[in-house]
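To keep things clear, I will list the structure first and then write my remarks on it.
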Amino acid sequence: MPSRTKPSSGSQEAVIFAMLFLAAAAFALGYTLGKGSAAPEQLQAPVYHGAQLYILNDRDYYPTLMRYLERANKSIYIMMYVFKSDTDTIARIVDVLVRKAKQGVDVKVILENSIEDNELTYQSLKSGGVRVVYDPKAVTTHSKLVVIDGYVVFVGSHNFSYSAMMKNHESSVMIVSEEIASAETEYFMSVLAACSG
16 MPSRTKPSSG SQEAVIFAML FLAAAAFALG YTLGKGSAAP EQLQAPVYHG AQLYILNDRD
76 YYPTLMRYLE RANKSIYIMM YVFKSDTDTI ARIVDVLVRK AKQGVDVKVI LENSIEDNEL
136 TYQSLKSGGV RVVYDPKAVT THSKLVVIDG YVVFVGSHNF SYSAMMKNHE SSVMIVSEEI
196 ASAETEYFMS VLAACSG
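Shown next as structure tokens:
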């Protein structure tokens with residue numbers, strides 16, 4: 016049977032030193048890489064003083080959205096990744112937007128250009144007198160944003176599709192705040208300015 020030699024204390028110290036060195040190097044590398052993905056140091060000042068927030072999970076979103084769209088009397092701004100109006104459920108949103116535009120409400124819609132399902136909505140809104148544009152091809156508009164009358168904001172995961180409204184697990188919020196609506200309107204208008212159409 017081969018004899019086992021006990022490592023010398025010098026080699027044990029070398030192993031411990033190497034392990035400590037590797038641990039420190041891994042920490043330093045992780046810290047350096049993590050700095051780039053951390054929250055930005057310069058966040059906007061909070062704009063939510065006095066805001067009311069309502070959680071709209073799953074099926075809560077659609078009836079709430081429709082209620083506020085129907086009440087709109089000043090403006091409706093929508094930026095949507097998928098606006099698939101091939102079902103009665105989503106076609107009702109298009110109908111409300113067209114009707115509101117004809118009543119003098121300022122209705123503007125930005126759609127993602129790479130989604131073929133948006134074309135029917137684009138054509139329906141355009142022929143109905145709504146200002147509708149596609150985002151620039153170099154950028155993906157993944158937003159699901161609605162701003163109504165300068166004080167109501169819907170934001171979250173709900174696309175305007177039957178699946179999102181009636182089948183999927185989705186999580187969104189409705190925020191009632193003139194300050195937040197103003198900030199999101201400014202964002203919407205900056206994206207709109209970069210769009211053609």
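Residue numbers are given in my numbering: position 146 of the sequence shown equals residue 161, and the series is strictly consecutive. Using N, Cα and C, we set each Cβ at its ideal position, and we do this for glycine too.
- In chain order, Y177 place their CB closer than 6 Å to the CB of T102, counting only its own chain and leaving out the 5 sequence neighbours on each side.
- Judged by beta-carbon spacing, A196 lies within the 8 Å limit of V162, meaning their Cβ atoms are closer than that value.
- Secondary structure of I125 (DSSP, three-state): strand.
- Contact between the region 182-189 and the region 92-111 is absent: fewer than three C-beta pairs spanning the two stretches fall below 8 Å.
- In this structure, S172 places its C-beta atom within 8 Å of the C-beta atom of S187.
- The three-state secondary structure of V206, taken from DSSP, is helix.
- With distances taken between CA atoms, D164 lies nearest to V122 out of K141, V122 and I130.
- Runs of the beta strand (DSSP E) lying entirely within the region 111-173 and spanning at least 3 residues, in chain order: 121-126, 146-149, 159-163 and 167-171.
- Rounded to the nearest whole angstrom, the C-alpha separation of T136 and L112 is 11 Å.
- Within its own chain, the residues whose Cβ lies closer than 8 Å to the Cβ of V145, once the five positions on either side in sequence are excluded, are L112, V113, A116, V122, K123 and V124, listed in chain order.
- Taken through DSSP and simplified to helix, strand or coil, V109 comes out as helix.
- The region 71-86 and the region 151-159 do not touch, with fewer than 3 CB-CB distances between them shorter than 8 Å.
- Note that the C-beta distance between N133 and D150 is not below 8 Å.
- Taking a C-beta distance under 8 Å as the contact criterion, I130 and Y92 do not qualify as a contact pair.
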